[in-house]
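Worksheet: the structure to be examined is printed underneath.
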DNA sequence: CCCCAAAATTAGAACCATTCTTTTTCTTGA
DNA sequence: TCAAGAAAAAGAATGGTTCTAATTTTGGGG
């Protein structure tokens, strides 16, 4: 059979030269399933599948996955790092100033670096990272008549 | 005399409702004189003028100045915060992946939020922060025949 | 001009995300 | 199946930043 099926997570790991371990498979799938999760949340997700996993193992795994280009790290100023499985497309992010929620925005202008600096000062620019700051739909409606805890 | 001279630093502090202290005057002037300095460097600069000043005082002063809009905080992922005196214009930054050097870029498109997201997901966006990643002129020339101390 | 409330400063400890070190366990290719 | 090397565990350490409580300074009102 000509195996042209979508590759398994394990295959993907092997494909980028990483060893296949239960921890990494679970981690990668947790990142992809989740929506911009942080390290703690990812550790919880992995533990749900495997039982006990150390935080350091998660950090190490994330390092490897990010270095291999399978996972992208997002670090909005003022909050801990989050991770997403969408890589390759040079998309950007909306961050809510109030609750910290993160949303994806497609890149308006083609491919990376989707933006040219007006004067690059001699820099060799390879990526433009855009963060849109604002209020998410939930936080922008003030005093909605609804029970809230806080 | 109609005092239409450029206001003193002290006047500016008063103008935004901050108390005028030697520490804050020195801090604001150090930020403006410097080029994207970090907290330690700013503390050194202030100490050169005033003698002993605690790091916490610098943190506190920076908080106040940032909150008042006299100073802007920049926090490139992976490095400690830097501060600059250029505020009001919604300009962006070039960051060198190798040495971490930071340079200003004028905003290509008018005023904040100089960029509109292709789909804002219902967010109320008030600012677009752009970081151009690349290599600065010094770091992009490989193996220049010059003595370097790594 | 002096006093007082509010604000700034200090010293020191606490915090938290992340990294480092060392040892143990697991994956993989021979 | 074995050994080499990579990954994971455990625990401590790091570094930038913030918090707490006590002290000093600032600036307006008496």
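Residue numbers (UniProt numbering), protein chains in the order written: chain L, 1 to 150; chain U, 1 to 150.
Using N, Cα and C, we set each Cβ at its ideal position, and we do this for glycine too.
Does the beta-carbon of residue i have 16 or more other beta-carbons within 10 angstroms, so that it is buried, or is it exposed?
i: residue 116(U); result: exposed
i: residue 129(U); result: buried
i: residue 123(L); result: buried
i: residue 76(L); result: buried
i: residue 156(L); result: As displayed, chain L neither begins before 1 nor continues past 150, which places residue 156(L) out of reach and without an answer.
i: residue 48(L); result: exposed
i: residue 26(U); result: buried
i: residue 107(L); result: buried
i: residue 99(L); result: exposed
i: residue 63(U); result: exposed
i: residue 86(U); result: exposed
i: residue 148(U); result: Unreliable placement is indicated for residue 148(U), whose pLDDT of 44 sits below 50; the coordinate value is still reported in the next sentence. Exposed, since its Cβ has fewer than 16 Cβ neighbours within 10 Å.
i: residue 78(L); result: exposed
i: residue 105(U); result: buried
i: residue 88(U); result: exposed
i: residue 3(L); result: Confidence is the limiting factor: at residue 3(L) the pLDDT is only 48, short of 50, which leaves the residue's position unreliable, though a coordinate-based value still follows. Under this definition residue 3(L) is an exposed residue.
Along chain L, in chain order, which residues have C-beta atoms closer than 7 Å to that of residue i?
i: residue 151(U); result: For chain U, the structure presents residues 1 to 150; residue 151(U) sits outside this window and is missing.
Looking only at its chain, what residues have a beta carbon closer than 8 Å to the beta carbon of residue i, apart from the 5 residues adjacent to it on each side?
i: residue 41(U); result: 34
i: residue 14(U); result: 20
i: residue 50(L); result: 22, 23 and 26
i: residue 12(L); result: 28 and 70
i: residue 16(L); result: 68, 69 and 70
i: residue 32(L); result: 85
i: residue 37(L); result: 30, 31, 45, 82 and 83
i: residue 10(U); result: 20 and 25
Using a cut-off of 8 Å between C-beta atoms, extract the partners of residue i located in chain U.
i: residue 127(L); result: 132, 133 and 134
i: residue 96(L); result: 123
Quick one: which chain L residues come within Cβ less than 9 Å of residue i?
i: residue 137(U); result: 121, 122, 123 and 124
i: residue 140(U); result: 122, 123 and 124
To which residues of the same chain is residue i closer than 6 Å at the C-beta, ignoring the five residues directly before and after it?
i: residue 66(U); result: 73
i: residue 132(L); result: 94
i: residue 81(L); result: 73 and 75
i: residue 8(U); result: none
i: residue 140(L); result: none
i: residue 103(L); result: 94
i: residue 43(U); result: 55 and 58
i: residue 136(L); result: 96 and 101
Which chain U residues sit within Cβ distance under 7 Å of residue i?
i: residue 64(L); result: Here the premise fails: no neighbours, minimum Cβ distance about 17 Å.
i: residue 163(L); result: This structure gives no information on residue 163(L), because the portion of chain L shown stretches from 1 to 150.
Looking only at its own chain, which residues have a Cβ that is under 7 Å from the Cβ of residue i, when we skip the five neighbours before and after it?
i: residue 1(L); result: Per-residue confidence for residue 1(L) stands at a pLDDT of 49, beneath the threshold of 50, marking its modelled position as unreliable; the derived number appears in the next sentence. For residue 1(L), where only same-chain residues beyond five positions count, there are no Cβ hits under 7 Å.
i: residue 152(L); result: This structure gives no information on residue 152(L), because the portion of chain L shown stretches from 1 to 150.
i: residue 61(U); result: 23, 24 and 27
For a test of your reading of the model: does the CB of residue i fall under 7 Å from any non-hydrogen atom of the ligand ZN? Yes or no.
i: residue 119(L); result: As for the ligand ZN, it is missing from this structure, which has no ligand bound.
Subject >> Short-range partners of chain L found in the segment 67 to 89 of chain U, where Cβ spacing is below 9 Å >> reply: Correct list: 73, 74, 75, 76, 77, 78 and 81.
Original post:
Counting Cβ pairs, one atom from each stretch, are 3 or more of them under 8 Å apart for the segment 53 to 69 of chain L and the segment 89 to 96 of chain L?
Top reply: No, the segment 53 to 69 of chain L does not touch the segment 89 to 96 of chain L.
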